[in-house]
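Enquirer: Residue numbers (our numbering), protein chains in the order written: chain A, 1 to 263; chain B, 264 to 522.
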Amino acid sequence: MSAFVDIHDVTHIYAGSEDGQPAVEGMNIKVQEGEFAAIVGPSGCGKSTVMKLATGLQFPAKGTIIVDGKQVTAPVKLAGMAFQNPVMLPWRTTLKNLLLPLEIVQPHRGRLRSHRKEYEARAEALLTQVGLAGQGSKFPWQLSGGMQQRASLCRALIHEPKLLMLDEPFGALDAFTREELWGIIRDLHAAQRFTVILVTHDLREAVFLADRVFCMSARPGRIIAEREIDLPRPRDIEITYTQEFIDIVHELRGHIRTARDAA
Amino acid sequence: MAAKSTRTTLILAPWIFTLGFFAIWEAAVWAFGISRFVLPAPTAIAEAIYQYQAQLLRHSFHTAWMTLAGFGLAVVFGLLLGMALGASRIIHAGTYPLLVGFNAIPKVAVVPILVIWFGVGWQPPVLTAFLISFFPIVVNVATGLATIEPETEDVLRALGASKRDIIMKVGIPRAMPYFFGSLKVAITLAYVGSVIAEYNASNVGVGNLMARASADFNVPLLWAALIALAVLGVIMYAATALVEKRMTGWAQRSQFASQ
Ligand SMILES: Nc1ncnc2c1ncn2[C@@H]1O[C@H](COP(=O)(O)OP(=O)(O)OP(=O)(O)O)[C@@H](O)[C@H]1O
Ligand SMILES: [Mg+2]
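1. Report the neighbours of B/ARG516 on chain A: residues whose CB is nearer than 9 Å to its CB, in chain order.
2. Taking a contact to mean a Cβ-Cβ separation below 7 Å, would you say A/VAL24 touches A/PHE4 in this structure?
3. Excluding the 5 residues flanking B/PHE285 on each side, which residues of the same chain have their C-beta closer than 7 Å to its C-beta?
4. Compute every distance between the C-beta of A/SER43 and the non-hydrogen atoms of ligand 1, then say whether any falls below 6 Å.
5. Hey, how far is the Cα of B/TYR313 from the Cα of B/ALA294?
6. Any beta carbon of chain B sitting closer than 7 Å to that of A/VAL267?
7. Tell me which residues share the same chain as A/LEU126 and place their Cβ nearer than 8 Å to its Cβ, disregarding the 5 neighbours each side in the sequence.
8. What do you reckon, is the C-beta of A/LYS47 under 6 Å from a heavy atom of ligand 2?
9. Going by CA-CA distance only, name the one from A/VAL199, A/MET27 and A/GLY136 that's closest to A/GLU120.
10. Starting from the beta carbon of A/ASN85, find every residue of chain B whose beta carbon is closer than 8 Å, and list them in chain order.
11. Under 7 Å Cβ-Cβ, which residues of chain B neighbour A/LYS77?
12. I'd like to check one pair, A/PHE208 with A/THR240: are the Cβ atoms closer than 7 Å?
13. Using a 10 Å radius around the Cβ and a threshold of 16 neighbouring Cβ atoms, would you call B/ILE368 buried or exposed?
14. How close, in whole Å, do the beta carbons of B/THR358 and B/VAL374 come, if the pair is a contact with beta carbons under 8 Å?
15. Going by the CB atoms, is the gap between B/ASN366 and B/SER398 shorter than 7 Å?
16. Quick check on A/LEU203 - is its C-beta less than 7 Å from some C-beta in chain B?
17. What is the rounded straight-line gap between the Cα of B/SER521 and the Cα of B/ASN466?
18. Three-state secondary structure (DSSP) at A/GLN71?
19. Count the other CB atoms within 10 Å of the CB of A/SER144; is the residue buried (16 or more) or exposed (fewer)?
20. Taking 6 Å as the line, does the beta carbon of A/GLY26 fall inside it for any heavy atom of ligand 1?
21. Alpha carbon to alpha carbon, how far is A/LEU100 from B/MET431? Give it in angstroms, no decimals.
22. Spell out a yes or no on whether the segment 48–56 of chain A and the segment 224–234 of chain A are touching, meaning 3 or more CB-CB pairs, one atom from each, closer than 8 Å.
23. Quick one: using the 10 Å Cβ neighbour count with 16 as the cut-off for buried, is A/GLY41 buried or exposed?
24. Could you tell me the boundaries of the beta strand (DSSP E) in which A/ARG233 lies?
25. Short check: CB of A/PRO22 to CB of A/ILE29, under 7 Å?
26. What is the rounded straight-line gap between the Cα of A/ASP9 and the Cα of A/ALA218?
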């Protein structure tokens with residue numbers, strides 16, 4: 001079975017990079033459909049670059065990238081994305097921010113005007129799922145950072161994407177909110193089975209959420225370890241205190257330390 | 264209690280200071296016996312305003328027209344050019360040196376050329392107002408468009424958004440606070456431009472009235488015209504500030520512009 005996201009022997013050099021050093025080199029990542037993958041690695045190793053490559057926002061100097069059976073030669077048109085910075089548009093209400101992807105992606109784009117009620121109901125349902133019931137009419141700047149981050153997750157999911165890209169989406173949040181959002185993203189993934197690639201600095205987050213964790217080396221980024229996480233699902237937050245969980249986190253930490261020391 | 268009295272004082276302060284300013288002026292003129300050719304007392308100016316009210320009103324309206332016409336041109340042209348600059352890096356790179364060079368010219372220096380082209384009339388004030396005020400609009404609109412957060416752009420492009428989609432959905436709404444913010448600067452500049460051109464190249468307008476009053480050594484009328492200019496300037500500035508507040512309330516409340 002061929003992978004849903006297949007990054008094969010990819011090297012990428014940014015056009016604007018001063019030293020001409022590749023950001024990632026000889027990258028290999030395979031993620032199956034419906035799988036939850038996490039990428040961890042030292043800062044500046046090229047994790048965000050992998051996201052941009054997989055979504056067709058950047059094109060590799062070498063190697064091939066296949067998403068959903070097609071080689072990526074243009075922005076993929078099917079990915080939902082969320083970042084550490086929620087980047088909501090401040091002139092739109094939260095609900096209207098959620099509807100933004102539907103104004104872009106077909107077939108919703110053509111149907112939005114005539115089926116507005118239906119789509120608004122879908123957005124409300126998503127908001128309810130992330131604990132923001134009834135907050136749709138507020139402007140993003142009337143929400144707290146954690147609430148904005150939830151809304152940004154909803155925006156990434158509103159068009160039911162087959163691929164969800166999360167670049168440190170919980171990085172700026174306090175520990176409690178973060179764990180709450182882990183639960184939310186776990187449930188959404190369990191219900192809808194989209195494919196997820198999550199970039200994170202937090203090894204516990206990676207092990208708790210992912211089916212498979214990729215560790216990257218320092219720049220130029222390569223995959224130095226791939227670890228399948230076979231902890232049973234659904235996982236409860238309590239699992240993060242079990243020995244098995246802690247051992248996996250330790251093991252990954254070892255890989256990251258090697259990567260940092262090698263640099 | 265204390266907070267409340269501070270607030271009343273704050274509301275009264277501008278009135279007290281303004282009245283105090285004119286009172287000190289008046290007293291100084293009397294006390295030092297300053298000649299009305301050097302500095303007329305506020306009461307003398309008020310008298311002149313009353314005496315010449317019809318003239319002042321007519322010329323003020325004309326100046327307002329010239330300013331608004333030039334300003335209107337600047338808004339249309341500034342928006343279009345600003346959008347072109349913000350949307351296309353090639354246009355931006357290509358025209359920027361020209362624009363900066365053009366902006367470096369003191370616009371008063373353009374008035375003689377305008378007089379040669381159009382003679383004395385409404386064209387020099389309108390065009391000077393236009394030339395002097397479009398630049399801040401262009402720069403602001405272009406900045407608003409060109410500084411879209413890269414993440415916002417990534418989110419939209421990964422959904423298959425075209426460049427046009429991004430400009431329509433994000434760029435233009437985002438540029439609006441910058442645009443309306445630049446209007447306050449632009450109206451002030453347009454006003455300077457139209458008055459200067461009227462002074463040099465027109466038969467009507469407050470600028471022209473001042474030129475004639477100055478030639479006749481009619482000092483009270485000169486000062487009355489100055490007050491008329493101040494009042495007109497404040498009205499136009501306040502109107503623009505009000506429009507800005509109305510149109511971009513979200514930006515002020517979200518502290519968007521200060522980010
Ligand atoms: N637009 C760009 N132009 C030039 N170089 C870039 C660009 N974006 C990133 N880089 C370089 O590529 C390398 C990888 O960057 P990337 O953003 O992918 O790192 P990262 O792993 O996401 O880091 P962090 O964990 O800090 O977010 C860095 O050395 C960075 O300097
Ligand atoms: Mg990053």
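Positions of the beta carbon are idealized from the N, C-alpha and C atoms, including for glycine. The model shown is predicted, which means the values in this text are computed figures rather than measured ones.
Expert: This is what the structure gives:
1. Here residue 516 of chain B refers to the residue found at position 253 when the second sequence is read from its first residue. The contacting residues are PRO90, PHE139, TRP141 and GLN142.
2. Walking along the first sequence from the start, residue 24 of chain A turns up at place 24. Walking along the first sequence from the start, residue 4 of chain A turns up at place 4. Not closer than 7 Å, so no.
3. Walking along the second sequence from the start, residue 285 of chain B turns up at place 22. Once the five neighbours on either side are set aside, the close Cβ partners of B/PHE285 are PRO305.
4. In the first sequence, residue 43 of chain A corresponds to position 43, counting from 1. Remark: the shortest separation between the CB of A/SER43 and any heavy atom of ligand 1 falls under 6 Å.
5. Numbered from its first residue, the second sequence carries residue 313 of chain B at position 50. Numbered from its first residue, the second sequence carries residue 294 of chain B at position 31. Between B/TYR313 and B/ALA294, the C-alpha separation is close to 25 Å.
6. The requested residue 267 of chain A is not part of the displayed model; chain A covers only 1 to 263.
7. Here residue 126 of chain A is taken as the residue at index 126 of the first sequence, counted from 1. For A/LEU126, where only same-chain residues beyond five positions count, the Cβ hits under 8 Å are LEU98, CYS154, LEU157 and ILE158.
8. Position 47 of the first sequence holds residue 47 of chain A. Result yes, Cβ under 6 Å from ligand 2.
9. Numbered from 1 along the first sequence, position 120 holds the residue referred to as residue 120 of chain A. Looking at A/VAL199, A/MET27 and A/GLY136, the one whose alpha-carbon comes closest to that of A/GLU120 is A/GLY136.
10. Numbered from 1 along the first sequence, position 85 holds the residue referred to as residue 85 of chain A. Going along chain B in sequence order, the residues near A/ASN85 (Cβ under 8 Å) are GLU412 and GLU414.
11. Locating residue 77 of chain A in the first sequence gives position 77, counting from the first residue. Correct list: LEU422 and GLY423.
12. Position 240 of the first sequence, counted from the start, is the residue given in the question as residue 240 of chain A. Position 208 of the first sequence, counted from the start, is the residue given in the question as residue 208 of chain A. Yes, these two residues count as a Cβ contact at 7 Å.
13. Position 105 of the second sequence, counting from 1, holds the residue named residue 368 of chain B. Answer is exposed; the Cβ neighbour count stays below 16.
14. Within the second sequence, the letter at position 95 stands for residue 358 of chain B. Within the second sequence, the letter at position 111 stands for residue 374 of chain B. Not a contact, Cβ separation roughly 24 Å.
15. As a position in the second sequence, residue 398 of chain B is number 135, starting the count at 1. As a position in the second sequence, residue 366 of chain B is number 103, starting the count at 1. With the sequence shown as reference, residue 398 of chain B is identified as Phe, and Ser is not the correct amino acid for it. Yes, the pair counts as a contact, with Cβ atoms nearer than the cut-off.
16. For the purposes of this step, residue 203 of chain A is identified with residue 203 of the first sequence, where counting begins at 1. So no, A/LEU203 is outside the interface.
17. In the second sequence, residue 521 of chain B corresponds to position 258, counting from 1. In the second sequence, residue 466 of chain B corresponds to position 203, counting from 1. Reliability of the predicted coordinates at B/SER521 is poor, the pLDDT of 41 falling under 50, and no value is obtained from them.
18. Taking the first residue of the first sequence as 1, we reach residue 71 of chain A at position 71. In this structure, A/GLN71 counts as strand in the three-state DSSP scheme.
19. Counted from its first residue, the first sequence places residue 144 of chain A at position 144. So A/SER144 counts as exposed.
20. As a working mapping, residue 26 of chain A is identified with position 26 in the first sequence. The answer is no for A/GLY26.
21. Residue mapping note: residue 431 of chain B aligns to position 168 of the second sequence, counting from 1. Residue mapping note: residue 100 of chain A aligns to position 100 of the first sequence, counting from 1. If you draw a straight line from the Cα of B/MET431 to the Cα of A/LEU100, it is about 12 Å long.
22. Too few Cβ pairs lie closer than 8 Å, so no.
23. Taking the first residue of the first sequence as position 1, residue 41 of chain A is located at position 41. When all chains shown are included, A/GLY41 counts as buried.
24. For the purposes of this step, residue 233 of chain A is taken as the residue at position 233 of the first sequence. That residue, A/ARG233, is in no beta strand (DSSP E); it is neither H nor E in DSSP.
25. Indexing the first sequence from 1 puts residue 22 of chain A at position 22. Indexing the first sequence from 1 puts residue 29 of chain A at position 29. Their beta carbons are not under 7 Å apart, which means A/PRO22 does not touch A/ILE29 by this criterion.
26. Residue numbering aside, residue 9 of chain A sits at position 9 when the first sequence is read from its first letter. Residue numbering aside, residue 218 of chain A sits at position 218 when the first sequence is read from its first letter. So the two alpha carbons sit approximately 17 Å from each other.
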